Each structure stands twice: as structure tokens, then as C-alpha cells.
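The structure appears right after this line, and notes come after that.
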Amino acid sequence: MSVNNNGQAKEHLSTLEIVSAFFPFVWSTKTFSIKCRLLFSLLLVVVTMALNLGVPIIFKYAVNMLSDPTNLKENMILLVIASYGLFWTFGRYSEKLRQMLLYKPLARTMTEYSLHVFRHLHSLSLKFHLQRETGAVTSSIHRAQLAIAMVVNNVMLNIIPDILEVLLAFVILWHLYSLSYGLLVLSVLGLFLLITIFTSNYATKFQQAFNKIDMGVSARIVDSLLNVDTVKLFNNQIFEQKQADKLLTSSSNALVKMFLVKNIAFVVQTIIVSAGLIIITYKAGQDVLADKLQVGDFILINAYLIQFLFPLSRFGELLHNTREFLSKIEASAKLLKHECHIHEIENAPDIIIQKADIHFNEVSFSYDESRSILNNISFSIFENTSLAIVGPSGSGKSTIARLLLRFFDVSSGVISISGQDISRVTKSSLRRCIGVVPQDIVLFNDTLRYNLIYGTFDATEEDINRAIKMAHLEMLIHKLPQKLETMVGERGLKLSGGERQRIGIARALIKKPKILLFDEATSSLDTVTEKEIQANIEELSKNITTVIIAHRLSTIVHADNILVLKNGNIVESGKHKQLLKDGELYSTLWKSQLKHHD
Numbered sequence: 001m002s003v004n005n006n007g008q009a010k011e012h013l014s015t016l017e018i019v020s021a022f023f024p025f026v027w028s029t030k031t032f033s034i035k036c037r038l039l040f041s042l043l044l045v046v047v048t049m050a051l052n053l054g055v056p057i058i059f060k061y062a063v064n065m066l067s068d069p070t071n072l073k074e075n076m077i078l079l080v081i082a083s084y085g086l087f088w089t090f091g092r093y094s095e096k097l098r099q100m101l102l103y104k105p106l107a108r109t110m111t112e113y114s115l116h117v118f119r120h121l122h123s124l125s126l127k128f129h130l131q132r133e134t135g136a137v138t139s140s141i142h143r144a145q146l147a148i149a150m151v152v153n154n155v156m157l158n159i160i161p162d163i164l165e166v167l168l169a170f171v172i173l174w175h176l177y178s179l180s181y182g183l184l185v186l187s188v189l190g191l192f193l194l195i196t197i198f199t200s201n202y203a204t205k206f207q208q209a210f211n212k213i214d215m216g217v218s219a220r221i222v223d224s225l226l227n228v229d230t231v232k233l234f235n236n237q238i239f240e241q242k243q244a245d246k247l248l249t250s251s252s253n254a255l256v257k258m259f260l261v262k263n264i265a266f267v268v269q270t271i272i273v274s275a276g277l278i279i280i281t282y283k284a285g286q287d288v289l290a291d292k293l294q295v296g297d298f299i300l301i302n303a304y305l306i307q308f309l310f311p312l313s314r315f316g317e318l319l320h321n322t323r324e325f326l327s328k329i330e331a332s333a334k335l336l337k338h339e340c341h342i343h344e345i346e347n348a349p350d351i352i353i354q355k356a357d358i359h360f361n362e363v364s365f366s367y368d369e370s371r372s373i374l375n376n377i378s379f380s381i382f383e384n385t386s387l388a389i390v391g392p393s394g395s396g397k398s399t400i401a402r403l404l405l406r407f408f409d410v411s412s413g414v415i416s417i418s419g420q421d422i423s424r425v426t427k428s429s430l431r432r433c434i435g436v437v438p439q440d441i442v443l444f445n446d447t448l449r450y451n452l453i454y455g456t457f458d459a460t461e462e463d464i465n466r467a468i469k470m471a472h473l474e475m476l477i478h479k480l481p482q483k484l485e486t487m488v489g490e491r492g493l494k495l496s497g498g499e500r501q502r503i504g505i506a507r508a509l510i511k512k513p514k515i516l517l518f519d520e521a522t523s524s525l526d527t528v529t530e531k532e533i534q535a536n537i538e539e540l541s542k543n544i545t546t547v548i549i550a551h552r553l554s555t556i557v558h559a560d561n562i563l564v565l566k567n568g569n570i571v572e573s574g575k576h577k578q579l580l581k582d583g584e585l586y587s588t589l590w591k592s593q594l595k596h597h598d
């Protein structure tokens with residue numbers, strides 16, 4: 001994350017930091033044809049500038065010739081007039097053609113930058129995603145897409161050419177007439193730019209405030225809609241509407257302030273341009289009356305003023321808009337400043353599972369310094385055996401699963417699989433060899449088949465049918481209108497909790513993992529289905545190393561070994577019957593659950 005001199009995270013990025021986030025994608029990974037389009041578009045920028053600068057000069061000669069045609073042939077006059085028309089026409093066509101050529105490079109830049117941010121977000125650790133609002137993150141990516149295209153378009157086709165054209169007009173006026181004309185044009189440009197930059201900085205503050213509030217609105221609305229069942233259960237629709245109204249009102253107020261600053265700036269800029277036009281035109285008129293200039297010279301000077309000074313009012317709007325678009329890109333650029341805290345060593349190898357043993361050796365872990373989760377724990381799970389981990393809420397059960405999958409790194413100690421330290425192998429190969437059935441199964445808004453084979457897209461029909469049978473999904477699939485091609489709805493909410501959990505179990509089985517991890521995997525199942533699936537899990541664990549994190553102790557009585565956690569420490573371990581005989585925490589939990597069940 002970008003920091004200031006005091007070591008604190010910066011609230012806003014500099015313009016250079018924002019531009020450096022997306023600028024490499026303007027050129028770097030383009031195909032040859034798209035690069036040619038980009039280069040030709042840049043060439044046309046130069047051609048357009050030359051044509052625009054040439055039109056007033058040709059017009060000057062045409063006017064002077066027509067003012068005194070006696071010494072010139074008619075063909076020469078017609079040639080100059082025709083040249084004027086051709087320069088003007090080609091100038092307009094050149095402007096449109098350069099814009100058309102830029103469409104594909106801009107579209108590709110938007111795509112590549114968005115994919116870059118998307119890849120980066122997936123590379124970040126679970127800690128980042130647990131602290132972020134999904135609605136705000138998705139909003140920042142969406143807002144940046146069009147903004148990048150507009151920034152590149154404005155800068156490349158408008159802002160830089162406009163400034164260069166005015167500077168070249170200054171050089172031409174200086175060369176053809178006197179330094180005073182050039183300095184007058186330069187003074188108007190300089191004053192205009194100072195006012196524009198000052199007001200642009202001021203407007204950007206309101207734009208940044210608006211962006212921050214607007215992302216908050218998006219996050220709040222997404223969160224509210226994702227939890228619509230909870231909203232309805234507690235009859236809080238009116239409350240949600242009021243909360244949204246507050247945020248939307250704040251967003252509107254920030255937007256109004258930004259527009260006011262922009263319009264005030266436009267008025268001041270127009271006064272500067274108008275004053276410059278009046279002063280320079282008056283001076284040119286005086287020089288014509290004094291026979292220092294011809295009528296054609298007066299027209300040339302006036303044409304440059306109209307051609308280049310009045311577009312400065314557009315330039316001010318372009319600069320304001322560009323700053324506005326940059327502030328929209330800022331949120332996504334900030335995301336790229338976040339680093340993944342789960343690093344791989346250089347040239348890390350894939351894990352090779354020869355014997356699926358798991359060893360935790362003096363492992364400690366804490367999410368932050370103030371709260372220790374696991375305290376120097378050690379245990380082993382041998383190949384083709386099952387280990388159950390139980391304990392009160394907050395004892396560290398699910399943390400063990402997250403450490404095994406390397407969603408977090410241990411604070412100290414070593415976790416190894418098949419004799420290999422998991423911190424020294426690739427994360428992707430580690431997670432490929434572990435099949436996980438989490439407590440909360442979240443499905444993609446796609447077909448049932450897609451959700452079943454997610455992570456194993458090359459699964460055969462035989463693999464799918466085998467997993468369906470083992471997870472007892474046959475009855476559900478038979479009832480669905482389009483069987484495996486039925487859409488499950490966003491997050492799988494069209495299905496019951498038990499149905500989603502069975503899909504989660506089948507998905508893990510299709511993967512054919514070396515290690516199976518069940519995190520409260522049967523908690524949403526009815527008693528009959530739970531017993532059926534539990535019997536299958538017991539059968540599976542004879543051939544697969546299995547880790548079962550459970551709250552309901554009745555589901556793990558056949559485990560080869562049971563660990564009992566309390567406050568991050570292993571307080572008991574052994575088989576079910578032995579732990580009951582010991583009469584410690586496990587026995588207490590068992591009796592409590594029996595009493596509750598009765």
C-alpha cells in the first residue's frame with residue numbers, strides 16, 4: 001500500500017501514481033495490428049496539427065490575392081483557394097479518422113487493465129477480502145473501465161495537441177509579425193492554464209469525496225440486496241431505504257458542489273479568452289489601419305485566435321473531465337497497491353504427494369498481535385486416516401483449515417504435507433490436492449453442472465455420476481426441470497441449505513483429492529441424509545487422508561483420532577470412547593449435546 005513520509009497509508013494517490021497504474025496497458029501487450037492502429041492514430045495527431053496550423057496561413061494568402069488580383073493569374077488564385085478547402089477538409093477527416101483508429105486500442109486497454117486488477121484481487125490473501133466490501137471493489141473496477149478510455153482519448157487527441165497547437169501558433173505569429181503578438185497569445189494561454197489547474201485541483205477534491213461516497217452507496221446497496229432475506233425477515237425495508245437515502249443525498253451534494261466549481265471556472269476561463277480575443281484583435285486592427293499589416297494578416301491573426309483561443313474553453317472542460325476520470329481510476333489503482341501477504345519463494349516447485357501425511361509442528365498463529373488463535377500446537381494425520389477437530393466456538397478449529405490451505409501463513413512453526421513444507425511449494429498445487437467442503441456453500445449463478453465441476457472442468461460423466469450418488473443428489477436432480485443444466489440462482493439461493501451442502505460435497509469428491517477437508521460439512525443436513533453421507537465419508541476416509549472439523553460430535557465418533565481444542569491449545573486427543581472415559585472437555589461437550597438433543 002502506498003504510504004506517506006510518516007509511514008501511514010495515503011488517502012489519495014498522486015496523478016503520476018494513478019497514470020502509472022494503467023499507462024503500461026496502453027501499449028505493452030497489444031497485438032501488432034492494434035499497435036499499428038495506435039501509431040497511425042498518433043501520426044494523424046501530428047498531421048491534423050499541421051493542417052490546422054496551415055489553414056489560416058493559406059487563407060491569409062487567398063485574401064491578400066483577392067484584395068489585389070491584378071498581378072496574379074486566375075489559376076494561381078484558384079489553386080490557393082482550393083488548397084485552403086482541401087487543408088480544411090483533410091483536417092476534419094483526419095480528426096475523425098484518428099478517433100476511429102483509437103477505438104480498438106482503447107477497448108483493449110480497458111480489457112487488459114480490468115483483467116490485471118481482477119487477477120491481482122484473486123492473488124491477494126483471504127485477509128484482504130475479509131476486510132473489504134465486495135460492492136465497493138466491483139464498483140471501482142467498473143468505474144475505471146470507461147474512465148481509462150476517456151483519459152487516454154482526452155490527453156492524446158485533445159489536451160496535448162491543443163497545447164502544442166497554441167504554442168506553435170505563438171511561434172508562427174512571432175516569426176511572421178512581432179514578438180508582441182506571440183507574447184499576447186502566450187499570456188492568454190498561461191493565465192488560462194493557471195486558472196484551469198487551480199480550479200481543477202479544487203474540483204478534484206469534491207470529485208474524490210463524491211467517488212468515496214458513491215462507492216459506499218454501491219457497497220451498501222449490494223450488501224442490502226445480498227442479504228434481502230434477512231431484511232425481509234426483520235421487516236427492515238424502510239430502514240434500508242432510509243440508509244440508502246442518506247448516502248444518496250450525500251453523494252448528490254458532493255456532485256452539486258463539483259459542478260458549481262466547474263461552472264464558475266468556465267465563466268472565469270471565458271472572460272480570459274474573450275479579453276485576449278478583444279485585445280489581440282484590436283491591436284491587429286490598429287496595425288492594419290497604420291499599414292503595418294495587410295487585411296490577410298488581420299484575418300490570419302483572427303483565425304488563429306478563433307481556432308486556438310476559443311477551443312481553450314473546451315480545453316478547460318477537458319482538463320476538468322480528465323481529472324474527474326483520473327479520480328475514478330484512483331480506487332482501482334489503490335487496489336493494485338495492496339500486496340499479497342502470502343508469498344511464494346522464487347521458483348517454488350509444485351507439491352508432490354507421495355504419501356498424504358500431514359504434520360503440524362509447533363504451530364502458532366494470530367490474526368493480530370492482540371489476539372492469539374493457536375498456541376504452539378503439534379499433531380499428525382497419517383495417510384488414509386481420519387482426524388476430527390472439535391472444541392467450543394473460537395477455539396481455532398477453522399483456523400487450522402485456513403492454515404492448511406495456506407489462506408494465512410503461520411506465525412511460527414511448520415506445516416508439512418508428504419514431508420514438504422507447504423510454505424515452500426506453490427499455493428495452486430497445494431490447493432489442487434485438497435478437496436474442501438465448507439460450512440457455508442456459496443454457488444455461482446450458473447448451471448448445477450457448472451457448480452459441480454467447478455475446479456475440475458475436465459471431469460467425466462462417470463466422475464460426476466459417482467459423486468452425485470455418494471452425495472445423495474439423485475432425488476434433487478430428478479426434481480429439477482432441466483436436471484444438471486438447471487440454473488441454481490445467485491449464490492445458489494434457489495436451493496435449500498442442505499441441497500447446497502450436498503452439492504459442495506459432490507464438488508469436492510469430483511476433484512479426486514489426496515486430502516479431504518470437511519468444515520462442518522453436514523451441519524445443514526437432516527438427520528437421515530447426514531447419517532447416509534457420514535457413512536460415505538467414513539468409507540472415503542479409508543482411502544483418503546481426511547480432516548473433519550465438526551461441532552456435532554455425533555458425526556465424528558468413527559474418526560481414527562479426535563483433537564479437542566480450547567483457547568488455541570490441544571487439551572485432549574484420542575478416539576471417541578477413550579475421550580468419553582477420560583471425562584474431560586470432550587465428555588462434557590458430548591453430554592451437553594446429548595441433553596440438548598433429548
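Using full-length UniProt numbering, read the sequence shown as starting at 1 and increasing by one per residue.
Glycine included, every Cβ here is placed at the ideal spot set by N, Cα and C.
Keep in mind it's a predicted model, so treat the numbers as computed, not measured.
Asked, Found
"Based on DSSP bridge pairs, tell me the residues matched to L516.", "G435, T546"
"Leaving out the 5 sequence neighbours to the left and right, which residues in its chain are closer than 8 Å to L176 when beta-carbon positions are compared?", "D297, L300"
"Grouping DSSP H, G and I as helix and E and B as strand, with all else coil, what is Q482?", "coil"
"Can you grab the Cα-Cα spacing for the pair K283 / T199, in whole Å?", "30 Å"
"Counting pairs of Cβ atoms below 8 Å between the region 380-389 and the region 349-362, do you hit three or more?", "yes"
"Using CA atoms only, rank isn't needed, just tell me which of S180, M258, A401, V222 is closest to V202.", "The amino acid occupying residue 202 in the given sequence is Tyr; Val does not appear at that position. Looking at the Cα atoms, M258 is the closest of the given residues."
"Note down, in chain order, each residue of its chain lying with its Cβ closer than 7 Å to the Cβ of K542, except the 5 sequence neighbours on either side.", "N384"
"Taking DSSP as the reference, what is the three-state secondary structure of D214?", "helix"
"Quick one, are the C-beta atoms of I278 and Y181 less than 8 Å apart?", "no"
"DSSP three-state label for residue 687, please.", "In the structure as shown, the chain starts at 1 and stops at 598, and residue 687 therefore has no counterpart that could be examined."
"Which word fits E362, buried or exposed, when buried means at least 16 other C-beta atoms lie within 10 angstroms of its C-beta?", "exposed"
"Do I464 and I510 have their beta-carbon atoms positioned less than 8 Å apart in this structure?", "yes"
"Does the Cβ of N347 have 16 or more other Cβ atoms within 10 Å, making it buried, or fewer, making it exposed?", "exposed"
"Whole angstroms is fine: what's the gap from A107's alpha carbon to A149's?", "7 Å"
"Which residues share a DSSP beta bridge with S366?", "S372"
"From this set, G394, T456, I141, I417, which residue's C-alpha is nearest G568's C-alpha?", "G394"
"Helix or strand or just coil, what does DSSP make of A219?", "helix"
"On the premise that L452 lies in contact with A506, defined as a C-beta separation below 8 Å, what is that separation, rounded to the nearest angstrom?", "6 Å"
"According to DSSP, is N6 part of a helix, a strand, or is it coil?", "In this prediction, N6 scores a pLDDT of 43, lower than 50, which makes its location untrustworthy; no coordinate-derived value is stated."
"Measuring straight from C-alpha to C-alpha, what distance separates A388 and L374?", "17 Å"
"Closest to L124 by CA distance: which of L101, L336, L293 is it?", "L336"
"Quick check: I441 and Q501, are their CB atoms within less than 8 Å of each other?", "yes"
"Are T322 and I159 touching if we call contact CB-CB under 8 Å?", "yes"
"Can you name, in chain order, every residue of its own chain whose Cβ lies under 7 Å from the Cβ of V261, other than the five neighbours on each side?", "T199, Y202, A203, F206"
"Where does the unbroken alpha helix (DSSP H) through S274 begin, and where does it stop?", "237-289"
"Just to confirm the assignment: which complete alpha helix (DSSP H) runs, minimum length 4, are found wholly within the region 417-468?", "427-432, 448-453"
"Could you tell me the distance, in whole angstroms, from the CA atom of Y450 to the CA atom of R98?", "44 Å"
"Check whether the Cβ atoms of L480 and L448 sit closer than 8 Å, and answer yes or no.", "yes"
"With distance defined between alpha-carbon atoms, name the residue in G497, T546, E485 nearest to I515.", "T546"
"With hydrogens ignored, establish whether the beta-carbon of Q208 is closer than 7 Å to any heavy atom of the ligand FAD.", "Absence of the ligand FAD from the depicted structure is noted, as is the absence of any ligand whatsoever, leaving it without description."
"CB-CB under 7 Å to P392, same chain, minus the five flanking residues each way: which ones, in chain order?", "K566"
"Going by the CB atoms, is the gap between A333 and E584 shorter than 8 Å?", "no"
"Is the region 81-101 touching the region 47-54, taking contact as three or more C-beta pairs under 8 Å?", "yes"
"Please report the straight-line C-alpha distance between K483 and T31, rounded to a whole angstrom.", "42 Å"
"Just list the residues that DSSP pairs residue 601 with in beta bridges.", "Look at the range of the chain in this structure, 1 to 598, and you will see that residue 601 is not part of it."
"Between the alpha carbons of W590 and I556, how many angstroms are there, rounded?", "11 Å"
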